[in-house]
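Q: Sharing a structure, written as structure tokens. Questions coming.
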Amino acid sequence: MRIGQPVTLTSDVYGGSVVYHGHVQGLGIGTGSAFALLPAQNATGNWIKIVQRLPVRIDLDQNELIKHPLRVGLSMTVEVNLHNQSGAMLGHPAAQHDQR
Numbered sequence: 034m035r036i037g038q039p040v041t042l043t044s045d046v047y048g049g050s051v052v053y054h055g056h057v058q059g060l061g062i063g064t065g066s067a068f069a070l071l072p073a074q075n076a077t078g079n080w081i082k083i084v085q086r087l088p089v090r091i092d093l094d095q096n097e098l099i100k101h102p103l104r105v106g107l108s109m110t111v112e113v114n115l116h117n118q119s120g121a122m123l124g125h126p127a128a129q130h131d132q133r
């Protein structure tokens, strides 16, 4: 995953009829529940093999957010187009130039 790659998202709130567009703005360096905004739900037995989580900041199209607002904690389905490999792999978002 690289900074600047295009992203599409859908939310359970609006269903598949509303698609959000954006791009990867930044990648975090930590994994696990210590860095999570929401606590991990361990009732599913994921203690056997914990999937690593990488915080990813996505810059969404503001016009789409005005039409269909989102709230913290919603379930989202995210697809990142990994074909564009020109962006930085890690780095501070402010240090990256706008690739829109």
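To convert, take the position in the sequence shown, counting from 1, and add 33; that gives our numbering. Built from N, CA and C at the ideal position, the CB exists for glycine as well.
GLY55: buried (16+ other C-beta within 10 angstroms of its C-beta) or exposed?
A: Classification for GLY55: buried.
Q: Let's test the definition: count the other Cβ atoms within 10 Å of the Cβ of GLN38 and tell me whether it reaches 16, buried, or not, exposed.
A: Its Cβ being crowded by 16 or more others within 10 Å, GLN38 is buried.
Q: Tell me, to the nearest whole angstrom, how far the beta carbon of ASP92 is from that of GLN58; I am working on the premise that it is less than 8 Å.
A: Rounded, the Cβ-Cβ distance is 4 Å, consistent with contact.
Q: Assuming LEU98 is part of the alpha helix (DSSP H), what are its boundary residues?
A: Its alpha helix (DSSP H) spans residues 95–100.
Q: With H, G and I counted as helix, E and B as strand and the rest as coil, what does DSSP make of HIS116?
A: Coil.
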